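In this note's numbering, the protein residues as written are 1296 to 1625. Note that the Cβ used here is the ideal one computed from N, Cα and C, for glycine as well. Remember, it's a predicted structure, so these values are computed and weren't measured experimentally. In what follows, a structure is listed as structure tokens, so that the remarks can point back to it.
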């Protein structure tokens, strides 16, 4: 089978697109014929060796997938050949990745794909939607009527935060780079969109949220926590899910005297049961048309090197040339 894999960590150019043996499902594994995958920033960190995990050799890159069940191991109970499925959490914690024509995935990390949801959309939503769900509901315990602020409402995680918060009855404030992305954020349901290319974030926040925000969701790799704490309402919650090497100043005094809380999390640490509960909601909302994937680029799997380079240019280089997710198809 064709796959995008590495023999050693390094820059995007270490990725090889070539032949590997087709996996055989064992135990509770499901063999999936892959129809679509998507790129996440964490994929590039693993490939670059920034995360010290022991990787299989060769290591197939990628976390997310959507496709069709080809075969099942003898212990599989939830799926059978022909079922459409999607999933995430592969290529992490030493597990083999998904950027291949076929992947063997334990059934606990797979979910049925709704009939009216495309494989492209299912793959694009996978990691980012589970991340948004965990942060909003498992960590921050979002309640109807609360105000949520999230950086980058047109991005992968940000777009899911915007939509899920609106589904839950929240008021949503977000930022965008330029009018095109601002327009998309409004289409996704954001109540206030701050175009930071021509508006001052602090000034707008003081005007639209004079009492502060209940949830401040940080998507930036380099955080301004002095700003975040300044705008947290009493009993506000701060969500941290990016910036592995970040060491920002943290204003303890204003934070604790207002009984605020901070939650740091990585979705891949969540149990299969928690992630499946997220997937149930994601499937329902996607099938109902309430949750949509934001896809910025669709590419063939053979162009994985270019896809990783594009992701890095936007995640680390802040190029601003990508809106939403990169989807690849075998």
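In the DSSP assignment, residue 1442 forms a beta bridge with 1466. For residue 1591, there is no enclosing alpha helix (DSSP H); the residue is part of the beta strand (DSSP E) that begins and ends at 1590 to 1595.
The residues 1534, in chain order, have a CB closer than 6 angstroms to that of residue 1430 in the same chain once the five nearest residues on each side in sequence are set aside.
The Cβ atoms of residue 1514 and residue 1453 lie closer than 7 angstroms to each other.
In the displayed model, residue 1566 falls within coil according to three-state DSSP, outside both helix and strand. Short of 8 angstroms from the beta carbon of residue 1610, and not among the five residues preceding or following it, lie these beta carbons of its own chain, in chain order: 1336, 1339 and 1516. Here residue 1471 carries a strand assignment [DSSP, helix/strand/coil]. In this structure, residue 1426 keeps its C-beta atom at 7 angstroms or more from the C-beta atom of residue 1509. Taking C-beta atoms under 8 angstroms as the contact rule, residue 1304 and residue 1343 qualify, at a distance of about 6 angstroms. Comparing alpha carbon positions, the residue from 1360, 1356, 1312 and 1428 closest to residue 1576 is 1428. Here DSSP, grouped into helix, strand and coil, assigns residue 1336 to helix. It is roughly 10 angstroms from the alpha-carbon of residue 1327 to the alpha-carbon of residue 1405. Proximity to residue 1539 across 1298, 1347, 1307 and 1302 peaks at 1347, based on C-alpha coordinates. Secondary structure at residue 1451: helix, using DSSP grouped into helix, strand and coil. Fully enclosed beta strand (DSSP E) runs of no fewer than 3 residues occupy 1360 to 1367 and 1379 to 1382 of the segment 1335 to 1398, in order along the chain.
1415 is the residue among 1415, 1520, 1489 and 1519 whose C-alpha sits nearest the C-alpha of residue 1619.
Contact between the segment 1348 to 1365 and the segment 1377 to 1387 is established, with three or more Cβ pairs separated by less than 8 angstroms. Assignment of beta-bridge partners to residue 1558 by DSSP yields 1534.
Residue burial annotation: residue 1616 is exposed, with fewer than 16 other C-beta atoms found within 10 angstroms of its C-beta. Taking C-beta atoms as the reference points, residue 1524 and residue 1549 count as a pair closer than 7 angstroms. Bridge partners of residue 1580 according to DSSP: none are assigned.
DSSP, read as helix, strand or coil, puts residue 1504 in coil. Under the three-state reduction of DSSP, residue 1317 is assigned to coil, being neither helix nor strand. Going by C-alpha positions, residue 1547 is about 25 angstroms away from residue 1502.
In this structure, residue 1555 and residue 1527 form a Cβ contact; the two beta carbons are roughly 5 angstroms apart against a cut-off of 8 angstroms. Rounded to whole angstroms, residue 1437 and residue 1354 show a C-alpha spacing of 38 angstroms. DSSP places residue 1513 in the strand class (E or B) of the three-state scheme. Straight-line measurement puts the Cα of residue 1605 at about 11 angstroms from the Cα of residue 1594. In the assembly as shown, residue 1318 is a buried residue. Its beta-carbon has 16 or more other beta-carbons within 10 Å.
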